[in-house]
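Novice:
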Amino acid sequence: MAIVKMPFCFLAFFCLLLQLFSIFHIGNAELEMNYYRESCPRAEEIIRQQVETLYYKHGNTAVSWLRNLFHDCVVKSCDASLLLETARGVESEQKSTRSFGMRNFKYIKTIKDALEKECPGTVSCADIVALSARDGIVMLKGPKIDMIKTGRRDSRGSYLRDVEALVPNHNDSLSSVLSNFNSIGIDVEATVALLGAHSVGRVHCVNLVHRLYPTIDPTLDPTYALYLKKRCPTPNPNPKEVLYSRNDPETPMIVDNMYYKNIMAHKGLLVIDDEIATDPRTAPFVAKMAADNGYFHEQFSRAIRLLSETNPLTGDQGEIRKDCRYVN
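Numbered per mature numbering (1 follows the signal peptide of the UniProt record, and there is no 0), the sequence shown spans residues -29 to -1, 1 to 299.
(1) From Leu277 to Lys88, what does the alpha carbon distance come to, in whole angstroms?
(2) Should Leu37 go down as buried or exposed, given a rule of 16 or more other Cβ atoms within 10 Å for buried?
(3) What number of angstroms, rounded off, separates the C-alpha of Arg123 from the C-alpha of Leu111?
(4) Which word fits Pro204, buried or exposed, when buried means at least 16 other C-beta atoms lie within 10 angstroms of its C-beta?
(5) Hey, Leu25 and Tyr78: beta-carbon distance below 7 Å or not?
(6) If you measure between the beta carbons of Gln20 and Ile82, is that distance less than 7 Å?
(7) Might you give, ordered along the chain, the residues of its own chain that have their beta carbon closer than 6 Å to the beta carbon of Asn282, omitting 5 neighbours on each side?
(8) Could you name the residues that DSSP lists as bridge partners for Asp294?
(9) Tell whether a beta-carbon distance below 7 Å holds between Val226 and Gly113.
(10) Between Val46 and Leu102, is the Cβ-Cβ spacing less than 7 Å?
(11) Quick one: measure Cβ to Cβ for Asp43 and Asp125, integer angstroms, because I've assumed they're closer than 8 Å.
(12) Can you list, in chain order, the residues of its chain with a C-beta nearer than 7 Å to that of Tyr130? Leave out the 5 residues immediately preceding and following it.
(13) Just to confirm, does Thr285 get its C-beta within under 6 Å of one of the non-hydrogen atoms of the ligand NAD?
(14) Where Val174 and Pro185 are concerned, what is the direct C-alpha to C-alpha distance, given to the nearest angstrom?
(15) What's the gap between the Cα of Arg273 and the Cα of Asn75?
(16) DSSP puts Arg284 in a beta bridge; with which residues?
(17) Who are Tyr184's beta bridge partners in DSSP?
(18) Would DSSP call Met224 helix, strand or coil?
(19) Output yes or no for whether 7 Å exceeds the beta carbon distance between Val177 and Pro208.
(20) In whole angstroms, what is the alpha-carbon distance linking Ala262 and Ser170?
(21) Reducing DSSP to helix, strand and coil, say where Ser279 ends up.
(22) Is it buried or exposed, Ser216, if we count other Cβ atoms within 10 angstroms and call 16 or more buried?
(23) Which residues in the same chain as Ile291 place their Cβ atom closer than 6 Å to its Cβ, once the five residues preceding and following it in sequence are excluded?
(24) Please report the straight-line C-alpha distance between Leu145 and Arg202, rounded to a whole angstrom.
(25) Give the secondary structure of His29 by DSSP, where H, G and I count as helix, E and B as strand, and everything else as coil.
(26) Can the beta-carbon of Asp219 be found closer than 7 Å to that of Tyr231?
(27) Counting only the same chain and skipping the five closest in sequence on each side, list residues whose C-beta sits under 7 Å from that of Arg127.
(28) Tell me, which residues are paired with Val174 by DSSP?
(29) Count the C-beta pairs between the segment 182 to 196 and the segment 157 to 169 that are closer than 8 Å, then say yes if the count reaches three, no if not.
(30) Taking DSSP as the reference, what is the three-state secondary structure of Ile(-4)?
(31) Am I right that residue 301 and Gly167 are in contact with their C-beta atoms under 8 Å? What's the rounded C-beta distance?
(32) Verify whether the separation of the beta carbon atoms of His141 and Leu241 is less than 7 Å.
Right, dumping it as structure tokens:
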């Protein structure tokens, strides 16, 4: 059989193509399961251990990890831009009014420090946001979400000016919320499930009083409205004071379907809570989730996976921050 010899120039061109393809592939890598299996095999275990330790010391951290994921991913990308503090020409997204009430950022450093000790410069802050949310949900007795992909890179800047437009406000209409989520690939059913995160945490009276004063919102259950007025006794609450109501007074620290049962009884805190229970686009999903906690957990898991994979920076598109609070 004759052996066909390629001209040297063709071989050189072919090798160049391979190099270019390799560069392109690295620069546009995709998220994958167990991304750190070789570079930092214990990465996910370390994050889980830290989340558990922090939860037993400060239970509300678990809610913070879930909220971090939402606020980070809906603003451009799941890239830990939320964690940046104002420094070195960066304006922190935490300055936005939409970040009101967010806390426990200092404990992200605790998790990052543990990872840096094990595998310096390897695990991104963006992956810490995603994995700590996954593990925090478990601590809140929510579903165990196994299929969280990793390999995100951290942004080299923040998007403070975009936060107001991209993070839903407590007064936003359902149509606006559905549109925002749809723009990042989250369908109506998954949006309803994501709003189930309101089953944990609390809402400051600053964001409630418009439903109580000067007159009570007629969509609120009257008895529940009186309870809320006791929690928020003035129409002008001091935002620096601890004045709040739990999202779910029945099971306030459990990610479960009690939220949907409450809003069907007109006992939601926010306007959006009442709207998703009555709007024909969302009401069937609300009713189904209220009736079946397993179905809610299934859809909530799917929604978290969709949210966590929103437009991530990968490959050479970002960096691995040494300190989550500052760009390198």
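Built from N, CA and C at the ideal position, the CB exists for glycine as well.
Specialist: Let me lay it out:
(1) The residue given as residue 277 occupies position 306 in the sequence shown. The residue given as residue 88 occupies position 117 in the sequence shown. Roughly 31 Å separates the two Cα atoms.
(2) Translated into positions along the sequence shown, residue 37 becomes position 66. So Leu37 ends up on the buried side.
(3) Position 152 of the sequence shown, counted from the first residue, corresponds to residue 123. Position 140 of the sequence shown, counted from the first residue, corresponds to residue 111. In a straight line, the C-alpha of Arg123 is about 25 Å away from that of Leu111.
(4) As a first step, residue 204 is located in the sequence shown; it is residue number 233 there, counting from the start. The residue in question, Pro204, is exposed, as its Cβ has fewer than 16 Cβ neighbours within 10 Å.
(5) Here residue 25 refers to the residue found at position 54 when the sequence shown is read from its first residue. Here residue 78 refers to the residue found at position 107 when the sequence shown is read from its first residue. Cβ atoms of Leu25 and Tyr78: closer than 7 Å.
(6) Sequence index remark: in the sequence shown, residue 20 carries index 49 (1-based). Sequence index remark: in the sequence shown, residue 82 carries index 111 (1-based). Cβ distance not < 7 Å, so Gln20 and Ile82 don't count as in contact.
(7) Within the sequence shown, the letter at position 311 stands for residue 282. Once the five neighbours on either side are set aside, the close Cβ partners of Asn282 are Ser48.
(8) If you number the sequence shown from 1, residue 294 lands on position 323. In the DSSP output, where bridge partners are listed per residue, Asp294 has Tyr297.
(9) Within the sequence shown, numbered from 1, the residue matching residue 226 stands at position 255. Within the sequence shown, numbered from 1, the residue matching residue 113 stands at position 142. Cβ distance < 7 Å, so Val226 and Gly113 count as in contact.
(10) Within the sequence shown, the letter at position 75 stands for residue 46. Within the sequence shown, the letter at position 131 stands for residue 102. Result no, Cβ atoms of Val46 and Leu102 do not sit closer than 7 Å.
(11) Translated into the one-based positions of the sequence shown, residue 43 becomes position 72. Translated into the one-based positions of the sequence shown, residue 125 becomes position 154. Asp43 to Asp125, Cβ: 11 Å. No contact.
(12) Along the sequence shown, one-based indexing puts residue 130 at 159. Within the same chain, Tyr130 has close Cβ partners Val46, Lys47, Ser52 and Glu64.
(13) Only the bare structure without any ligand can be found here, which leaves the ligand NAD out of the picture.
(14) Looking up residue 174 in the sequence shown gives position 203. Looking up residue 185 in the sequence shown gives position 214. Taking the Cα positions, Val174 is about 19 Å away from Pro185.
(15) Locating residue 273 in the sequence shown gives position 302, counting from the first residue. Locating residue 75 in the sequence shown gives position 104, counting from the first residue. Approximately 26 Å, taken between the alpha carbons.
(16) For the purposes of this step, residue 284 is identified with residue 313 of the sequence shown, where counting begins at 1. Correcting the residue type first, residue 284 is Leu in the shown sequence and not Arg. Arg124.
(17) Translated into positions along the sequence shown, residue 184 becomes position 213. Its beta-bridge partners do not exist; DSSP assigns none.
(18) Position 253 of the sequence shown, counted from the first residue, corresponds to residue 224. For Met224, the three-state secondary structure derived from DSSP is strand.
(19) Stepping through the sequence shown from its first residue, residue 177 is reached at position 206. Stepping through the sequence shown from its first residue, residue 208 is reached at position 237. Yes, the Cβ-Cβ distance between Val177 and Pro208 is below 7 Å.
(20) Numbered from 1 along the sequence shown, position 291 holds the residue referred to as residue 262. Numbered from 1 along the sequence shown, position 199 holds the residue referred to as residue 170. If you take the alpha carbons of Ala262 and Ser170, they lie about 15 Å apart.
(21) For the purposes of this step, residue 279 is taken as residue 308 along the sequence shown, with counting starting at 1. Helix, per DSSP.
(22) On the sequence shown, residue 216 is found 245 positions in, with the first residue counted as 1. Burial call: buried.
(23) On the sequence shown, position 320 is the one that residue 291 refers to. These residues qualify, in order along the chain: Gly92 and Ser95.
(24) Counting from one through the sequence shown, the residue named residue 145 turns up at place 174. Counting from one through the sequence shown, the residue named residue 202 turns up at place 231. Straight-line Cα distance between these residues: approximately 26 Å.
(25) Start at 1 with the first residue of the sequence shown, and residue 29 comes out as number 58. In the structure shown, His29 sits in coil (DSSP, three-state: anything other than H, G, I, E or B).
(26) Here residue 219 is taken as the residue at index 248 of the sequence shown, counted from 1. Here residue 231 is taken as the residue at index 260 of the sequence shown, counted from 1. For Asp219 and Tyr231, no; Cβs fall outside 7 Å.
(27) Translated into positions along the sequence shown, residue 127 becomes position 156. Cβ neighbours of Arg127 beyond the five flanking positions: Gly289, Glu290 and Val298.
(28) For the purposes of this step, residue 174 is taken as the residue at position 203 of the sequence shown. In the DSSP assignment, Val174 forms a beta bridge with Ser216.
(29) no
(30) To locate residue -4, count along the sequence shown from 1; it is residue 26. With a pLDDT of 38 at Ile(-4), under the threshold of 50, the modelled position of this residue cannot be trusted, and the question is left open.
(31) No statement about residue 301 is possible, as the shown extent of the chain runs from -29 to 299 and does not include it.
(32) Counted from its first residue, the sequence shown places residue 141 at position 170. Counted from its first residue, the sequence shown places residue 241 at position 270. Cβ distance < 7 Å, so His141 and Leu241 count as in contact.
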